[in-house]
């Protein structure tokens, strides 16, 4: 039923746009084209037989809205299925037809609204207008929509300014009961309510309000979402509606990446910070848990509150938040109107009673005047008959006077009761006026308190964010200090290991030096021993003479030198064999030692070689 009413509003604009002569009738050819376009945009199967049957050319003359409604209800509106078509395309079709005739933007380019902005405001007007034709928007809804648009532009407007703005349209509103859509669009194009904002800012604000009221977007923005399989974090653009939470690749909403269905069994929970992500929360459905991260604590609070509201709407069986709010505002207006009509009727009844009271008093005065005249006549007449007649007349007048007085007393009593009732009603009216003023003052005070609370909340959030940043810096400094301490500890351990290796190398070097010294002492002992042995064995044998030979007979013979050279050769041979078996680290010392020994043995001369004769037989 609600969808049918919304579609009828747009179709009404299209029908009136085709009514060029404003006679309430449209030609059949135009209605055929309109019906064909409605079939197409609403995704309804075409029925050309029924179309031609209803608009057969036998009947002369155009068709009125009453004549078109049976066909519209039977063949179009009864076949419409919600969700089977895009309502924005349907509205664009009807807007194109009505805008060509009724909407005229400023040709000089001074208009504040583009064609797209005017179309969105037209849709918002249809959504908030009354279900009466011709369509109008009451001042309360105009005020509501203006507040929505101005708040989207971060502009605040007081009640007095709105009353002054709407007072300019009061003359039209009094005759029609509200504003038409073209007067509403002119209100925006004139810029009287915009306080000098730019066209781009106004366009963004209208788009935001259009998404909120028409497309049922409760909240939208960027969030970080954790993947289900890869478990990585990706930034997505989220749009929250009462039935689902959709996310896209970017805010243009061209590439839908996924959808999270919401029902009464879903819930939202706040999660602690982990994995380097802050301000985390999750949405739990019957099949899966979705983890998300907001930019700050305030955004997380707004998102969790909005998702909880969507879940509550699903639990209550409501499809749209703003449709429910619109119905509540309409019921409140109807209650106020009924109270106003009842008060007017009561005041009218009191006025009628007051007039009746005055009329009765006038009749009573006339009767009293007639009684005084009768008394004067009785006094003037002297005849008994006349006196008796006068007495009878007087008696009858007296009885009538008593009856009139009783009736007047009853009327006075009734008037007194009515006056008391009027006084009570006036007191009740004054109390209601006072209550309204108190309510307004309380609402203003509550608004100030909410603003103060919001300001304090902002300060608290800033302090919390500063505290979190301080905690993060402290944690970073602590981690850096721990890393530095760990690095110093590793450096100290490496230094200790190197020191231990140096000590071990030094110990091995000392052991090698001691071994070389022992070998050197042993070699020195062996050299001394072999020198002694060689000195004993090196005595030349002469033929025929067994006496000892003096050095004077062989001038070139030097036994000690020869013995030292032979012992040096043997020692070199022994050290060479030892060097082949076990290489010594102190080879330089041995080389220096051998070199010293070789240097200590002088080279032999040719004379010394000649002095070594072979023994004779």
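Residue numbers (this note's numbering): 9 to 625. Ideal placement from N, C-alpha and C gives every residue a C-beta, glycine not left out. Since we're looking at a predicted model, the values are computed, not measured.
In chain order, what residues of the same chain have a beta carbon less than 7 Å from the beta carbon of residue 103, not counting five sequence neighbours either side? If we look at residue 103 and ignore the five residues flanking it on each side, its Cβ neighbours are 127, 130.
Identify which residue in 230, 264, 292 has its Cα closest to the Cα of residue 274. The shortest C-alpha separation from residue 274 is found at 292.
Between which two residues does the alpha helix (DSSP H) carrying residue 289 extend? Boundaries around residue 289 are those of the beta strand (DSSP E), 288 to 292, since no alpha helix (DSSP H) includes it.
Could you check what DSSP says for residue 242 in three-state terms: helix, strand or coil? Judged by DSSP in its simplified three-state form, residue 242 adopts strand.
Comparing alpha-carbon positions, which option in 475, 377, 427 lies nearest residue 405? Here the closest residue by C-alpha is 377.
Taking 8 Å as the threshold (C-beta atoms), are residue 231 and residue 239 in contact? The criterion of a C-beta distance shorter than 8 Å is not satisfied by residue 239 and residue 231.
Could you compute how far the alpha carbon of residue 477 sits from the alpha carbon of residue 139? Looking at the backbone, the Cα of residue 477 and that of residue 139 are separated by about 55 Å.
Identify, in the order they occur along the chain, each residue of the same chain with its Cβ nearer than 7 Å to the Cβ of residue 87, setting aside the five sequence neighbours on each side. Excluding positions up to five away in sequence, the list reads 52.
Residue 269 beta carbon near the ligand FMN (any heavy atom closer than 7 Å): By its list of ligands, the structure shown contains no ligand whatsoever, and the ligand FMN lies outside what it can speak to.
Near residue 55, what residues of its chain come up, given a Cβ to Cβ distance below 7 Å and the 5 sequence neighbours on each side ignored? If you ignore the 5 residues before and after residue 55, its C-beta comes within less than 7 Å of the C-beta of 83, all in its own chain and listed in chain order.
Rounded to the nearest angstrom, what separates residue 286 and residue 209 at their Cα positions? In a straight line, the C-alpha of residue 286 is about 32 Å away from that of residue 209.
Count the other CB atoms, across all protein chains shown, that sit within 10 Å of the CB of residue 12; report buried if there are 16 or more and exposed otherwise. Exposed is the call here.
Give the secondary structure of residue 140 by DSSP, where H, G and I count as helix, E and B as strand, and everything else as coil. Residue 140 sits in coil when the DSSP states are folded into three classes, being neither helix nor strand.
So, residue 50 versus residue 93, is the Cβ gap smaller than 8 Å? Judged by beta-carbon spacing, residue 93 lies within the 8 Å limit of residue 50, meaning their Cβ atoms are closer than that value.
Where the beta strand (DSSP E) containing residue 275 begins and where it ends: Element bounds for residue 275: 275 to 279.
I need the straight-line Cα distance from residue 134 to residue 142, nearest angstrom please. Roughly 11 Å between the two C-alpha positions.
Complete runs of the beta strand (DSSP E) confined to the stretch 205 to 268 [at least 3 residues]: Correct list: 227 to 234, 241 to 248, 252 to 256.
How do the stretch 322 to 337 and the stretch 350 to 364 stand: do at least 3 beta-carbon pairs fall below 8 Å, yes or no? No contact exists between the stretch 322 to 337 and the stretch 350 to 364.
List the whole-angstrom C-beta distance separating residue 125 from residue 214, where the pair is believed to meet the contact cut-off of C-beta under 8 Å. About 5 Å separates the two Cβ atoms, so the contact holds.
The beta strand (DSSP E) that contains residue 328, what's its start and end? Here residue 328 belongs to no beta strand (DSSP E), and DSSP marks it neither H nor E.
Taking only the alpha-carbon atoms, compute the straight-line gap between residue 616 and residue 526 and give it to the nearest angstrom. Note that residue 616 has pLDDT 38, beneath the 50 cutoff, so the model's placement of it is unreliable and no number is given.
What is the rounded straight-line gap between the Cα of residue 217 and the Cα of residue 15? A direct Cα-Cα distance of roughly 20 Å separates residue 217 from residue 15.
Under 8 Å between the Cβ atoms of residue 193 and residue 101? Here residue 193 is not near residue 101, since their CB atoms are 8 Å or more apart.
Three or more C-beta pairs closer than 8 Å, one from the stretch 263 to 283 and one from the stretch 343 to 352: is that the case here? In short, these stretches do not touch, since the Cβ pair count stays below three.
For my contact list, residue 17 and residue 137 are in at a C-beta cut-off of 8 Å; report their separation, rounded to the angstrom. About 7 Å separates the beta carbon of residue 17 from that of residue 137, a gap short enough to meet the 8 Å contact definition.
Which partner residues of residue 301 appear in the DSSP bridge assignment? DSSP, once it has assigned bridges, lists 232, 288 as partnering residue 301.
Is the Cβ-Cβ distance between residue 626 and residue 374 less than 8 Å? Only positions 9 to 625 of the chain appear in the structure, and residue 626 is not among them; the question remains open.
Pull up the CB-CB distance for residue 249 and residue 224, whole angstroms please, since I reckon it's below 8 Å. A Cβ-Cβ distance of about 5 Å is found for the pair residue 249 and residue 224, placing them in contact under the 8 Å criterion.
From residue 253 to residue 106, what distance separates their C-alpha atoms? The straight-line gap from Cα to Cα measures roughly 35 Å.
Do residue 109 and residue 72 count as a contact pair if the criterion is CB distance below 8 Å? It is not a contact, given that the beta carbons lie outside the stated cut-off.
Can you grab the Cα-Cα spacing for the pair residue 306 / residue 227, in whole Å? Each residue's Cα considered, the two are about 14 Å apart.
Any idea if residue 412 is buried or exposed, counting beta-carbon neighbours within 10 angstroms, 16 or more meaning buried? Residue 412 should be labelled buried.
In the stretch 433 to 508, which residue ranges form an unbroken alpha helix (DSSP H) of at least 4 residues, counting only runs that do not cross its ends? Whole alpha helix (DSSP H) segments, 4+ residues: zero.
Where residue 308 falls, given that 16 or more other Cβ within 10 Å makes a residue buried: So residue 308 ends up on the buried side.
Distance between residue 363 and residue 323 (C-alpha atoms, nearest Å): If you take the alpha carbons of residue 323 and residue 363, they lie about 58 Å apart.
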